[in-house]
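A short worksheet on the structure shown next.
2 protein chains.
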Amino acid sequence: MDAKLAELKRRLAEVDDLRSAAAVLDWDQMVLMPPAGAAVRAERLATLQRVAHERFVDGRIGELLEELRPLEQSLPHDADDACLVRVTRTDWEKARRVPADLAAEMAKASSEGMEAWAAARAAGDYAAFRPWLDRHLALKHAYVECFEPAADPYDILLDDFEPGTTTAEVRAVFDRLKEELVPLIAALRDSAVDPLPPGPYPVEAQRALGLEAMTALGFEPSSFRLDSSVHPFCTSFAISDIRVTARYDEGDLESLFTCLHEIGHGLYERGISPELERTPLASGCSSGLHESQSRLWENVVGRSLPFWRWFHPRLQAAFPGVLGDMPLEACYRAVNRVSPSFIRVDADEVTYGMHIILRFELEQELLAGTLSSADLPEAWNARFEEYLGLAVPEDRLGVLQDVHWSGGAFGYFPTYQLGNVMSVQIWEAARAALPGLEEQFEQGDFSALGAWLRENLYALGRKLTPKETLERVVGGPLDPEPYLRYLREKYGAGASR
Amino acid sequence: MDAKLAELKRRLAEVDDLRSAAAVLDWDQMVLMPPAGAAVRAERLATLQRVAHERFVDGRIGELLEELRPLEQSLPHDADDACLVRVTRTDWEKARRVPADLAAEMAKASSEGMEAWAAARAAGDYAAFRPWLDRHLALKHAYVECFEPAADPYDILLDDFEPGTTTAEVRAVFDRLKEELVPLIAALRDSAVDPLPPGPYPVEAQRALGLEAMTALGFEPSSFRLDSSVHPFCTSFAISDIRVTARYDEGDLESLFTCLHEIGHGLYERGISPELERTPLASGCSSGLHESQSRLWENVVGRSLPFWRWFHPRLQAAFPGVLGDMPLEACYRAVNRVSPSFIRVDADEVTYGMHIILRFELEQELLAGTLSSADLPEAWNARFEEYLGLAVPEDRLGVLQDVHWSGGAFGYFPTYQLGNVMSVQIWEAARAALPGLEEQFEQGDFSALGAWLRENLYALGRKLTPKETLERVVGGPLDPEPYLRYLREKYGAGASR
């Protein structure tokens with residue numbers, strides 16, 4: 059049995075090495091690569107992904123997984139080796155169901171669709187993008203066909219990002235959010251909070267300050283790097299080699315929140331148990347749980363008053379000319395300003411959820427065929443006005459704004475908002491377990507929270523399902539109430555704003 | 059036949075993709091990686107190399123190479139497809155001869171040996187390094203045994219770096235060099251030339267100036283990157299994605315010559331015919347020919363008076379405080395100062411060759427068993443004094459200085475000096491074909507030389523053997539006389555120094 063487990067681990071480590079190599083090439087392309095390298099880089103990446111896939115779906119891995127059932131069943135449910143066999147079996151069975159030709163066509167449609175979208179967005183030309191949307195929808199139908207029928211075909215797509223969570227479960231949570239968010243947004247619409255001044259905030263000072271904040275949260279130079287890229291992201295090449303990127307604009311301080319967001323993702327990857335290295339378990343548990351950590355550090359911590367008590371003098375010292383006279387209270391209010399706007403990635407904590415709910419609903423209707431891609435802009439604009447009170451003036455500020463659909467990523471958007479919901483559930487659990495957290499934040503000490511998250515969440519990696527993981531951390535299932543309570547307390551009528 | 063050729067190309071492209079991915083991971087490790095990533099990175103690299111090797115030595119590739127013989131023979135000798143089949147067959151037959159276990163043991167000994175060497179060099183403790191040298195020698199004997207007997211076992215090692223060139227041929231060239239270099243070094247020993255002042259040369263200004271010089275030579279930001287690393291190097295991820303690195307020290311201007319050296323390697327890789335992309339032909343022809351290009355741009359061009367007529371005002375503008383008053387003539391003499399010293403990588407154009415000849419001779423004696431590793435430091439020091447007139451005071455400045463032996467790279471050193479020899483042969487051919495080159499250099503115009511080298515040498519990649527390639531470029535075989543003539547004219551008794 060030991061020899062079989064060793065063989066399984068050896069084969070999975072190889073696959074992990076190949077996938078991680080692809081992550082390095084991907085990161086290099088987005089951060090550093092000279093532009094003329096793009097065409098060949100796409101070939102290199104396709105090869106790595108194909109070879110990794112071939113090695114993963116190898117029949118021998120399936121045999122080993124069968125032969126290791128007795129071992130799996132003899133171990134506790136959360137023993138590393140039991141989890142490895144169980145989770146790998148799920149992954150393997152899923153990967154085997156998708157024919158190589160369909161996977162290749164989806165990958166091709168994804169990269170071509172993204173190119174077409176970039177041009178269509180630049181031109182504000184939805185009609186030019188629409189055929190790609192139809193192609194992706196056709197491919198999604200073919201993809202859904204590869205699996206046992208689900209209660210809702212959208213379940214199959216969602217499962218790739220939030221395994222085990224159903225469309226009905228998400229809908230129930232989102233409907234509850236909608237009940238409270240729509241009136242809260244309408245009530246906040248006219249509250250006049252000044253934003254931060256428009257700079258200039260020199261890029262070098264932004265970089266240094268972002269690094270200072272991230273370092274307080276747990277960024278160590280021995281195992282992290284911060285670089286720049288057009289689209290900020292975080293990726294992991296090993297549990298001890300985490301790459302975060304940010305984007306800088308002299309006219310605002312968004313880079314600071316980007317840093318807090320991406321280090322949240324990074325701390326999760328860095329906190330995975332080293333025993334899981336080079337296995338399929340060595341990554342965050344789901345897109346939603348991952349986002350819960352970027353949002354926890356960015357918003358729940360990084361936009362809190364205790365954080366700002368510590369951070370405000372540092373911010374002033376970094377930009378004395380622009381912010382030297384701006385009091386703590388005004389800064390805190392400015393970074394928590396609620397103001398409906400068109401672009402999701404610029405949205406505040408309160409309006410953000412409605413951007414997501416809108417997309418979640420449209421995705422389901424497109425997939426079900428109750429909404430045609432021809433009618434999508436109209437549907438988008440109508441619902442946007444209903445949810446956020448703004449009339450969309452052009453598709454670039456509406457249906458064309460996000461890259462996700464162009465790459466065929468349907469089912470991904472809802473995990474952003476699930477992340478927000480879970481971030482507050484997890485925060486409440488941490489606060490209950492760790493008295494005095496906010497006093498520590500005021501001193502710039504985030505270590506107790508970091509250690510608790512590492513021990514209770516990050517270390518687990520993908521050992522358990524997302525539902526099991528959340529249950530273990532917060533003692534219950536997905537629940538929108540803590541998040542709504544948090545928003546009401548921070549932004550509601552009685553809030554100290 | 060077309061289908062077979064297409065299958066061969068598809069399989070070779072995959073291997074090339076995997077090897078290139080390894081190059082990206084390697085580069086990232088040397089340039090950027092946080093230190094804690096090292097252990098896992100070694101595993102990732104080992105997997106990529108193993109998978110690439112397995113795919114390359116696959117029996118199906120051998121079958122295709124056999125089946126494609128008629129095609130190969132129907133095409134001109136230098137047709138891309140004929141070269142692909144011919145060169146791949148040679149590579150494949152060579153790769154198949156080395157058992158996977160031996161290759162793995164050599165790779166392991168290489169990385170472990172380099173670690174042991176780094177510690178031994180830091181401590182100046184040759185005895186601690188000696189067992190690794192013995193281990194490498196034993197592995198080299200096993201490696202040599204994998205091949206048909208050669209006239210000299212060293213031929214087998216040399217063939218990995220300078221295919222087709224024999225030990226006897228190198229020895230004949232080196233013996234001829236020795237005849238002239240040893241007396242020339244002795245004669246120059248007492249010539250008093252002042253070096254450049256010891257700075258300070260701010261790193262940012264060095265970087266900008268290095269980039270300016272490289273740009274004049276052909277560095278384009280669309281397909282090149284310049285980064286920093288402890289050991290400068292050049293690598294290629296695609297014909298249009300070339301990475302060069304340099305190292306900066308405020309106390310000297312070595313970084314400028316490093317830039318000229320590495321861009322020479324880079325221009326070679328960048329100039330390979332795009333038709334050869336993702337084939338085994340898409341790299342420089344041999345270590346010696348590669349070095350001929352780094353040396354041509356660094357020394358023959360970059361230390362020439364015409365280059366300095368263009369470069370001197372730029373250098374003065376970059377460092378006005380330190381060099382503002384230093385005349386052209388004095389700068390030119392300073393960067394061509396001959397002074398025997400202990401460290402090879404710091405050696406000038408005249409003494410450099412003797413550093414190499416020394417190592418070439420000792421390597422052969424170690425391999426033949428006529429010199430024991432126990433007696434190596436003594437042999438090194440005696441010969442160093444004979445060739446360079448200096449008594450080696452400690453092993454750190456002697457036998458422990460280079461990394462090559464610690465990684466098991468025997469047979470590599472001679473290609474450095476072959477590169478110097480070929481660089482002048484190629485320079486003479488270019489100058490004969492292109493009148494007015496030096497006048498162009500004085501104007502900062504290096505494009506005619508670059509274009510000639512691209513057309514006559516770089517574009518060929520590995521299509522022909524190194525000997526065929528050199529013959530095609532210079533119209534004759536390896537010949538030390540142009541190099542000796544160049545040194546005599548530049549440094550001899552009658553030279554205008």
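Protein chains in written order, with this note's numbering: chain A, 59 to 555; chain B, 59 to 555.
C-beta atoms are modelled at their ideal positions from N, C-alpha and C, and glycine is treated no differently.
Query	Result
How is Thr146 (chain B) classed by DSSP in three states: helix, strand or coil?	helix
For a test of the three-state rule: what should DSSP assign to Val251 (chain B), helix, strand or coil?	coil
Taking only the alpha-carbon atoms, compute the straight-line gap between Phe291 (chain A) and Ser298 (chain A) and give it to the nearest angstrom.	17 Å
With a threshold of 6 Å on Cβ separation, who are the neighbours of Arg555 (chain A) within its own chain once the five nearest residues in sequence on each side are excluded?	Any reading at Arg555 (chain A) needs caution, since the residue's pLDDT is 47, under 50, leaving its predicted position unreliable; the model's value is listed next. Closer than 6 Å at the Cβ level, and outside the excluded window around Arg555 (chain A), lies no residue.
How would you label Ala79 (chain A), buried or exposed, when you count the other beta carbons within 10 angstroms and need 16 or more for buried?	buried
Residues in the same chain with beta-carbon distance under 8 Å from Glu130 (chain B), minus the five sequence neighbours each way, listed in chain order, please.	Asp139, Ala140, Val143 and Arg144
At a cut of 8 Å, does the stretch 489 to 496 of chain B reach the stretch 221 to 237 of chain B through at least three beta carbon pairs?	no
Mind pulling the alpha helix (DSSP H) runs of 4 or more residues that sit fully within the stretch 344 to 383 of chain B?	345 to 353, 363 to 376 and 378 to 381
Using the rule of at least 16 other Cβ atoms within 10 Å of the residue's Cβ for burial, across every protein chain shown, is Ile484 (chain A) buried or exposed?	buried
Comparing C-alpha positions only, which one of A:Arg512, A:Arg391, A:Val479 and A:Gly268 sits nearest to Ala230 (chain A)?	A:Val479
For Phe282 (chain A), list the residues DSSP reports as bridge partners.	A:Ile300
Smallest Cα separation from Trp366 (chain A): which of A:Gly465, A:Ala97, A:Leu239 and A:Glu497?	A:Glu497
Helix, strand or coil: how does DSSP classify Cys389 (chain B) here?	helix
With 7 Å as the threshold, decide whether the Cβ of Val145 (chain A) is near any Cβ in chain B.	no
So if DSSP puts Ser431 (chain A) in a beta bridge, which residue, or which two residues, is it bridged to?	DSSP output for Ser431 (chain A) lists no bridge partner at all.
Assuming His199 (chain B) is part of the alpha helix (DSSP H), what are its boundary residues?	Tyr184 to Glu203
First and last residue of the alpha helix (DSSP H) that includes Phe232 (chain B)?	Thr225 to Leu246
Are the Cβ atoms of Phe504 (chain B) and Ile414 (chain B) separated by less than 7 Å?	no
Provide the residue span of the alpha helix (DSSP H) that contains Gly324 (chain A), from first to last.	Glu312 to Arg328
Given 8 Å as the limit, is there contact between the stretch 407 to 423 of chain B and the stretch 445 to 453 of chain B, that is, 3 or more CB pairs closer than that?	yes
Using 7 Å as the limit for Cβ to Cβ distance, is Glu270 (chain B) near chain A?	no
Straight-line CA distance for Ala266 (chain B) to Pro378 (chain B)?	15 Å
To the nearest whole angstrom, what separates the beta carbons of Ser431 (chain B) and Leu424 (chain B), a pair I think is in contact under 8 Å?	7 Å
Terminal residues of the continuous alpha helix (DSSP H) containing Tyr516 (chain A)?	No alpha helix (DSSP H) holds Tyr516 (chain A); DSSP gives it neither H nor E.
Report the CB separation of Leu284 (chain B) from Ala263 (chain B) in whole angstroms; it is logged as a contact under 8 Å.	Contact doesn't hold; Cβ gap of about 14 Å is too wide.
Return the chain-ordered list of same chain residues with a C-beta closer than 6 Å to the C-beta of Asp60 (chain B), the five sequence neighbours on each side being excluded.	none
Is the CB of Arg102 (chain A) under 7 Å away from at least one CB in chain B?	yes
Please report the straight-line C-alpha distance between Glu333 (chain B) and Lys521 (chain B), rounded to a whole angstrom.	11 Å
Let's see if you can read the secondary structure: which residues bound the alpha helix (DSSP H) around Asn478 (chain B)?	Phe471 to Ala491
Using 8 Å as the cut-off, can you tell me whether the stretch 79 to 91 of chain B makes contact with the stretch 81 to 93 of chain A, which would need three or more C-beta pairs spanning the two stretches below that distance?	yes
Spell out whether any CB of chain A is found under 7 Å from the CB atom of Leu275 (chain B).	no
Among A:Asn514, A:Glu349 and A:Leu545, which has the Cα closest to the Cα of Asp136 (chain A)?	A:Asn514
Mind checking the stretch 376 to 400 of chain B against chain A and listing, in chain order, the residues whose C-beta falls within less than 9 Å of any C-beta there?	none
Could you work out which residues of chain A lie near Glu320 (chain B), taking near to mean beta carbons separated by less than 7 Å?	Chain A residues near Glu320 (chain B): none, gap ~15 Å exceeds 7 Å.
Along the chain, where does the alpha helix (DSSP H) that runs through Phe418 (chain A) open and close?	Glu407 to Ala426
Under a three-way DSSP split, which group does Ser464 (chain B) fall into?	helix
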